[in-house]
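Residue numbers (the UniProt record's numbering): 1 to 134.
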């Protein structure tokens, strides 16, 4: 999958909150398995949840104290560990801070899991659990 700059998923621009909310899967990333419908979370959805929390904290108008601070600390550590777990040794240009992103976009190919299929499987699982006909 080519990884490239995007006009979406900004910090504060119009539509940014909606862009980030669309990263959440139906059922909030939970799947239910087995005869007792035991609940599990997909790590990919947990990662995206944590990125949404980091964005929320960076908005500047949110006081990150108490439980929110512990949650944010958990999320940063979780993302750090999973980044190391999925270490990607693809080489990319080192001019990140000096480049005009509007004129000189970068594009690096990476081998990725089929994440659209993961969203589809989570939706099917949620609909089966909820008894939703489709």
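Beta carbons: idealized from backbone N, C-alpha and C, even for Gly.
In this structure residue 54 is exposed. Its beta-carbon is surrounded by fewer than 16 other beta-carbon atoms within 10 angstroms. The Cβ neighbour count for residue 29, taken over all protein chains shown within 10 Å, is at least 16; the residue is labelled buried. Annotation: residue 36 is outside any alpha helix (DSSP H) and is labelled neither H nor E by DSSP.
Residue 77: member of the alpha helix (DSSP H) spanning 66-85, first to last residue. Within its own chain, the residues whose Cβ lies closer than 7 Å to the Cβ of residue 90, once the five positions on either side in sequence are excluded, are 108, 110, listed in chain order. For a cut-off of 8 Å, the C-beta gap from residue 25 to residue 45 is around 6 Å, short enough to register as a contact. In the DSSP assignment, residue 118 falls within the alpha helix (DSSP H) that extends over 115-130. Of the other Cβ atoms in all chains shown, 16 or more fall within 10 Å of the Cβ of residue 125; this residue is therefore buried.
Taking 8 Å as the cut-off, the Cβ atoms of residue 58 and residue 97 do not count as close.
Assignment of beta-bridge partners to residue 4 by DSSP yields 107. Sorting 75, 61, 52, 35 by C-alpha distance to the C-alpha of residue 18 places 52 at the top. Within 10 angstroms of the beta-carbon of residue 31 lie 16 or more other beta-carbons, which makes it buried. When the Cα atoms are used, residue 84 and residue 112 turn out to be separated by approximately 15 Å.
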